[in-house]
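Visitor: Taken in order, these protein sequences are the chains called L and Z.
First residue of the first sequence? That's 1 in this note's numbering, and the numbers climb one at a time after it.
First residue of the second sequence? That's 1001 in this note's numbering, and the numbers climb one at a time after it.
Built from N, CA and C at the ideal position, the CB exists for glycine as well.
Quick one: the structure is below, questions incoming.
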Amino acid sequence: MKGLQLRGINKTYGNVKAVEDVSQEIHSGEFFTLLGPSGCGKTTLLRMIAGLELQDSGTIILEGEEITALPAIRRQINTVFQSYALFPHLNIFENVAFGLRSRKVPGPEVDKRVKKTLEMLELGQMTKRFPHQLSGGQNQRVALARALVNEPKVLLLDEPMSALDAKLRAQVQVELRRLQQKLGQTFILVTHDQDEALVVSDRIAVMKDGKIIQFGTPVEVYESPKNKFVAEFLGTANLIEGTYHDGQFHTELGIFELEKPPSWKKGLIAIRPEWIRISDTKPDKNGIRATVTEMIYRGTNLDLWLSPGPIRLRTSTYKNIQIGDQVWLDMAPKEIAVLNE
Amino acid sequence: MNKLLIWYGELITGKKLIKRGLLFLTPGMLWLILFLVLPGLILVVVSFAGRGAYGELVWEFGLGNYKRLIGYGIFGWTPDYLLILWRSVWVAVVTTALSVLLSYPLCFYIARKPPRTRYLWLTIVIIPFWTNMVIRTYAWFLILAPDMPLAKLAAFFKFIAPGMPLYPSAFAVYLGMISMFLPFVALPLFSSIERLDWTLVEAAQDLYASNTRVFMHAILPQTLPGLSVGIILTLVPAMGMFVVPDLLGGAKYMLVGNLIQQQFGTSRDWAFGAAISMGLMVLTMFSLYLYKRRNKDIDLL
Ligand SMILES: Nc1ncnc2c1ncn2[C@@H]1O[C@H](COP(=O)(O)OP(=O)(O)O)[C@@H](O)[C@H]1O
Ligand SMILES: [Mg+2]
């Protein structure tokens, strides 16, 4: 069997349940992301996969082989640490060669593989320099090279971009995605940044309090969040409370039609600010009359706050709008996500 | 010079700044000149002088003392003094090496303790310093006495004759020296180990490193600052140590410290004593130089 399987993983520190009953399948060659707020147990789970932390219970299976009881040095898994953890006294070449030298790979092959990896990450010119002579972004690539050169079966990345500035981060995310697709290797990334998760991942697992509460493709988790937490953690969402009866959803804002009837009588629906359309005329279905109370100009778009609600709306087309204007909001049934939990 | 400038947030003139600097510097400089530089210079001068019949200094300058130090006496060449010098260096190096070897596990053990007990342990390491060095050395007499377990054990294995103490001997000297200098290595090393970044150790392990490799690449470079302070604090005074070898080594294990003490004491040959001191100083400087050359990236003095 290919890929990585986690089965019933538990880890407790004192009375903190850091990871609770996590079972997850990670396919071979996919970019899998563990997304969640700080302290939800992402790092702990990653460290257990790396073999740097021992789980209280559960099994880890890598390519059909159980590795639960193997220490880090015997797992074909490498990690890019959050702080990069480069060896400060070794130059870039030796840092990258470290894993190969540990495994006594013959010199000429070390040379070849290190050079190739450094070239691939555009570090070919830096081999003789030391980590403290490089920028944060370059050091991050060195850390990546140091792990990748070992051709791990799974590459683990613990918030590798948290030390980069916003602009560089956005660029590195795209590069990381391309690199993973080119190599076709299994990557598991830990992050608390939802944008990052959406950009790089094949699949995302959203974690909260040590548990995985939803997983799926970026489109699935963004467009069909299971509950309030996922809806709000991935981007922003207008949450509307109400009851469902007579084939319609009744709320304080008005009556809505849904695409599918929900599984509950009383509950929440979510609609993202950019899914609401704004118009001067009453839409066919789910039209709401609202007043603009606040406008935030963001360059690429305009954020509006409207009452009643307050409802948040994001538009990039509608320019001639002013505070106090009355508008129609179009919340088409297909744009509404029903939260089933 | 009288232009206004801002010095760490204070508005001041250059002149005033220099005046203030001199004010702060003068006492320290005077102290150093009076008690270090002048005596040092006097020592240099004295080392070229001679000894009178009754032990008084004779102001006839020559290289006699140095010739004697490297072994040329009235009866031809003997390696006695050079042997003592060499032995002193050897004892200092071995003491330092063993102290380092013992300090690593000790420091890791203490660093693993929760903060409160950690400082209790450190205090235990320092407690011996609360008593006088001579008294501490005499304590070894008691521990190494014939009817104590250590001596009995040694006698059982026929290392010594039964009913004999374990001193004076080279073993006793090392024991005394290490117990004397262990805290000088352990304390600075501990301050490095306490701040150790364990993710480097994990990174090494993640990259398949053996235990030796983990130590060489993840632990040693990080603890090098503390380690070098410890090594210098031990190596330099250990070379000139005289109380411990005097009491625990006796005539069997004379070190250069004892030799110097003898010249200024019973032998009353100050000039020769000064020459040996100079020799020791050159030796110390040379060791430090070698040490610094091997560890270029660390700042020593
Ligand atoms: N070594 C540890 N000792 C005690 N508690 C820990 C340890 N590591 C993590 N924790 C706790 O486990 C929980 C999850 O931590 P972590 O996995 O680091 O979260 P994340 O990476 O998602 O921010 C936190 O509540 C944290 O305080
Ligand atoms: Mg973390």
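Can you pull every residue whose C-beta falls closer than 5 Å to some heavy atom of ligand 1, listed in chain order?
Guide: L:13, L:16, L:18, L:38, L:39, L:40, L:41, L:42, L:43 and L:44
Visitor: Taking DSSP's pairing of strands, which residues face residue 326 of chain L in a bridge?
Guide: L:291
Visitor: Just to confirm the assignment: which complete alpha helix (DSSP H) runs, minimum length 4, are found wholly within the segment 4 to 55 of chain L?
Guide: 42 to 50
Visitor: Would you call residue 1300 of chain Z buried or exposed, if buried means 16 or more other Cβ atoms sit within 10 Å of its Cβ?
Guide: Low per-residue confidence applies at residue 1300 of chain Z: pLDDT is 46, beneath 50, and the placement is therefore not dependable, though the value from the model is reported in the following sentence. Residue 1300 of chain Z is exposed by the Cβ-count criterion.
Visitor: For residue 220 of chain L, which of helix, strand or coil comes out of DSSP?
Guide: helix
Visitor: Tell me the DSSP secondary structure of residue 1299 of chain Z in three-state form.
Guide: Since pLDDT at residue 1299 of chain Z reaches only 49, below the 50 mark, its modelled position is unreliable, and no value is offered.
Visitor: Which residues of chain L have a Cβ atom closer than 8 Å to the Cβ of residue 1200 of chain Z, listed in chain order?
Guide: Those within 8 Å of residue 1200 of chain Z in chain L are 85 and 87.
Visitor: Beta carbon of residue 1222 of chain Z, beta carbon of residue 1206 of chain Z: below 8 Å?
Guide: no
Visitor: Does the distance from the CB of residue 1254 of chain Z to the CB of residue 1280 of chain Z come in under 8 Å?
Guide: Result no, Cβ atoms of residue 1254 of chain Z and residue 1280 of chain Z do not sit closer than 8 Å.
Visitor: Would a check of beta-carbon distances place residue 1262 of chain Z closer than 8 Å to chain L?
Guide: no
Visitor: Here's the rule: buried if 16 or more other CB atoms are within 10 angstroms of the residue's CB, otherwise exposed. What is residue 267 of chain L?
Guide: buried
Visitor: If you measure beta-carbon to beta-carbon, which residues of the segment 42 to 72 of chain L are closer than 9 Å to chain Z?
Guide: 47, 50, 51, 52, 71 and 72
Visitor: For residue 201 of chain L, report the span of its beta strand (DSSP E) as first-last.
Guide: It is not in any beta strand (DSSP E) - residue 201 of chain L carries neither H nor E in the DSSP assignment.
Visitor: So, helix, strand or coil for residue 107 of chain L, using DSSP?
Guide: Per DSSP, reduced to three states, the secondary structure at residue 107 of chain L is helical.
Visitor: Along the beta strand (DSSP E) that carries residue 303 of chain L, what are the first and last residues, could you check?
Guide: First-last of the beta strand (DSSP E) with residue 303 of chain L: 302 to 307.
Visitor: Return yes when at least one heavy atom of ligand 2 lies under 7 Å from the C-beta of residue 209 of chain L, else no.
Guide: For residue 209 of chain L, the shortest C-beta to heavy atom distance toward ligand 2 is 7 Å or greater.
Visitor: Select from Z:1228, Z:1036, Z:1267 and Z:1243 the residue whose C-alpha is nearest the C-alpha of residue 1132 of chain Z.
Guide: Selected option, being the one with the closest Cα: Z:1243.
Visitor: As a quick exercise: from Z:1187, Z:1137 and Z:1184, pick the residue whose alpha carbon is nearest that of residue 1167 of chain Z.
Guide: Z:1137
Visitor: Taking buried to mean at least 16 other C-beta atoms within 10 Å of its own C-beta, is residue 1256 of chain Z buried or exposed?
Guide: Its Cβ being crowded by 16 or more others within 10 Å, residue 1256 of chain Z is buried.
Visitor: Measure the Cβ-Cβ separation of residue 212 of chain L and residue 24 of chain L and say whether it is below 8 Å.
Guide: yes
Visitor: Are three or more beta carbon pairs between the segment 299 to 310 of chain L and the segment 255 to 269 of chain L nearer than 8 Å?
Guide: no
Visitor: If we count Cβ pairs, one from each stretch, closer than 8 Å, do we get three or more for the segment 137 to 154 of chain L versus the segment 78 to 93 of chain L?
Guide: yes
Visitor: Could you work out which residues of chain L lie near residue 1210 of chain Z, taking near to mean beta carbons separated by less than 9 Å?
Guide: Below the 9 Å Cβ cutoff, chain L contributes 73 and 102 as neighbours of residue 1210 of chain Z, in chain order.
Visitor: Does any heavy atom of ligand 2 sit closer than 7 Å to the C-beta of residue 20 of chain L?
Guide: Residue 20 of chain L has its CB no nearer than 7 Å to any heavy atom of ligand 2.
Visitor: With respect to the alpha helix (DSSP H) encompassing residue 1080 of chain Z, which residues constitute its N-terminal and C-terminal limits?
Guide: Counting along the chain, residue 1080 of chain Z sits inside the alpha helix (DSSP H) bounded by residues 1080 to 1112.
Visitor: Residue 1221 of chain Z versus chain L: which residues are under 8 Å apart at the beta carbon?
Guide: Listed along the chain, the chain L residues whose CB falls inside 8 Å of the CB of residue 1221 of chain Z are 87, 88 and 89.
Visitor: Are the CB atoms of residue 1273 of chain Z and residue 1263 of chain Z within a distance shorter than 8 Å?
Guide: Residue 1263 of chain Z is a Cβ neighbour of residue 1273 of chain Z, given a cutoff of 8 Å.
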